[in-house]
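Going by the working numbering, the first residue of the sequence shown is number 26, and it counts up by one from there.
Glycine included, each C-beta is placed from N, C-alpha and C at the ideal position.
Below is one structure, written out as structure tokens; the observations come after it.
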Amino acid sequence: MLVFVVIILLIDIYAFKGIRLINKSISINWIKILIYSTFWIITSLFVIGIILILLNESFDQGARAQRNLFFFVGLFLTFYIPKILFIVFHFTEDIIKGVSFVVNLLFGRRSPLVAQTTRKISRSRFLSRMGLILAALPFSSIIYGMVKGRFNFRIV
26 MLVFVVIILL IDIYAFKGIR LINKSISINW IKILIYSTFW IITSLFVIGI ILILLNESFD
86 QGARAQRNLF FFVGLFLTFY IPKILFIVFH FTEDIIKGVS FVVNLLFGRR SPLVAQTTRK
146 ISRSRFLSRM GLILAALPFS SIIYGMVKGR FNFRIV
């Protein structure tokens, strides 16, 4: 149980690092606070829910208990599959930064060839944003499947 909660917290800490990188450009402070608070409130609710489910010794096998458990697992997958996808992109970004750091450390810093006159997006910010956009696809698909698509099927 403890290992599972620690893994969940590590996923969230690393995903939060990527969210902070994306939100650097937001100058309005209350929006940042809202995003960060929402992120950690959702994480806290999942950790509390996991602990309560795992500590419940007299787990009722009734239909209502199973429905609640399936709903919790559905919500959990809705939030954590996109986080893991986002982490893959963010981890790729960190690997690129690490390799770049080692190369610069071994061979010295190279001077920029062309002065930047326009504002460009950095590779790291691009990868984090791309990860966030791609993570939104399974999030929206799972939400659609849970809300609309669960009764929208035919048996052929």
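Less than 8 Å separating the beta-carbons of residue i and residue j?
i	j	result
THR103	ILE44	no
ILE47	ARG154	yes
LEU162	GLU118	no
LEU110	ALA160	yes
GLY74	PHE97	yes
PRO107	PHE41	no
ILE33	PHE71	yes
TYR39	ILE121	no
GLY156	PHE114	yes
So, helix, strand or coil for residue i, using DSSP?
i	result
GLY174	coil
ASN81	coil
ARG154	helix
SER147	coil
GLY43	helix
VAL181	coil
GLY133	coil
ALA140	For ALA140, the predicted structure reports a pLDDT of 49, less than 50, and the residue's modelled location is therefore unreliable. The matter cannot be settled from this model.
Tell me which residues share the same chain as residue i and place their Cβ nearer than 8 Å to its Cβ, disregarding the 5 neighbours each side in the sequence.
i	result
SER136	Because SER136 sits at a pLDDT of 49, beneath the cut-off of 50, its placement in the model cannot be relied upon, and the following sentence gives the value as read from the coordinates. Same-chain partners within the cutoff: there are none.
VAL30	VAL72, ILE75 and ILE76
Excluding the five sequence neighbours on either side, which residues of its own chain have a C-beta within less than 6 Å of the C-beta of residue i, listed in chain order?
i	result
ASN177	none
ALA140	The predicted model places ALA140 with a pLDDT of 49, which falls under 50 and marks its position as unreliable; any figure quoted below should be read in that light. Taken in chain order, the list of residues that qualify is empty.
Which same chain residues, not among the five before or five after residue i, have their C-beta less than 7 Å away from its C-beta?
i	result
LEU27	none
VAL172	none
SER52	none
THR68	ASP37
LEU138	Note that LEU138 scores a pLDDT of 48, beneath 50, so its modelled location is shaky; the value from the coordinates is reported in the next line. Excluding sequence neighbours, LEU138 sits near nothing in its chain.
Threshold first: 4 residues or longer. Then list the alpha helix (DSSP H) segments lying entirely within the region 50-100, N to C. Within the region 50-100, the complete alpha helix (DSSP H) runs of at least 4 residues are 54-80.
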